[in-house]
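Residues in the sequence shown are numbered consecutively from 47, following the working numbering. One structure is given here, and the rest of the page talks about it.
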Amino acid sequence: MKTLLTICLTGMTFLCFAQLETLPYFDISVSGINHESSPEDLFYILGTPDTVFDPQYECGFYSVDLQDIESVMLHRYPDLDFLVVDGEVVFRDVYFNEATNHVLKTSEFKLSHETSLEELEELFPQAFEHWKTENSSVLRLQPCEFCDDEIWLHMKDDHIWRVQFWDPC
């Protein structure tokens, strides 16, 4: 009986604290740039960014003061943001529209300005159901199984218009 109770409580705890569905961060490619790309790849594929600056994160994973990193620079392109962290490229933000025609790819699917709510519901049924009950413009996913960060999919006019890497800091 004690074992059965333990199993039931463990199952209920898991359901209460269930993780969001994941969109694996290291499987993401945005307009040909992925986590293995170099800063040189950014310039070669996307050209010169509109602006490059130090975002001066005060906390979180990209805080120079709190983490074992030396530099963080935000490279802002039209409708795209990437961080360059100690020479490694990190996706931050993409806005989808017909003019830029950006595509976010994974090994399983593609997201673009043409991605509809119906397609998102098929790809992420749990997150979609949560999104509907929340009545929010943001569908929330996780970039890894056990992390605090999230990937936000912003919706507008029944289509996805922005994918944003978000951290709780």
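Backbone N, C-alpha and C fix where the C-beta goes; we use that ideal spot for every residue, glycine too.
- For residue 121, the secondary structure class from DSSP, reduced to helix, strand or coil, is strand.
- Judged by DSSP secondary structure, residue 90 falls within the alpha helix (DSSP H) whose first and last residues are 85–92.
- In this structure, the alpha-carbon of residue 97 lies about 11 Å from that of residue 126.
- Residue 205 is bridged by DSSP to 162, 202.
- Counting C-beta pairs closer than 8 Å gives fewer than three between the segment 176–187 and the segment 82–93, which falls short of the contact rule.
- When the beta-carbon positions are compared, residue 118 and residue 100 come within less than 9 Å of each other.
- In summary, residue 95 is buried, with 16 or more beta-carbon neighbours lying within 10 Å of its beta-carbon over all protein chains present.
- Residue 164 and residue 87 have their C-alpha atoms roughly 34 Å apart.
- In the structure shown, residue 102 falls within a coil segment according to DSSP collapsed to helix, strand and coil.
- For residue 174, the enclosing alpha helix (DSSP H) covers residues 171–180.
- The DSSP-derived three-state label of residue 167 is helix.
- In the DSSP annotation of this structure, the continuous segment of the beta strand (DSSP E) that includes residue 137 starts and ends at 134–141.
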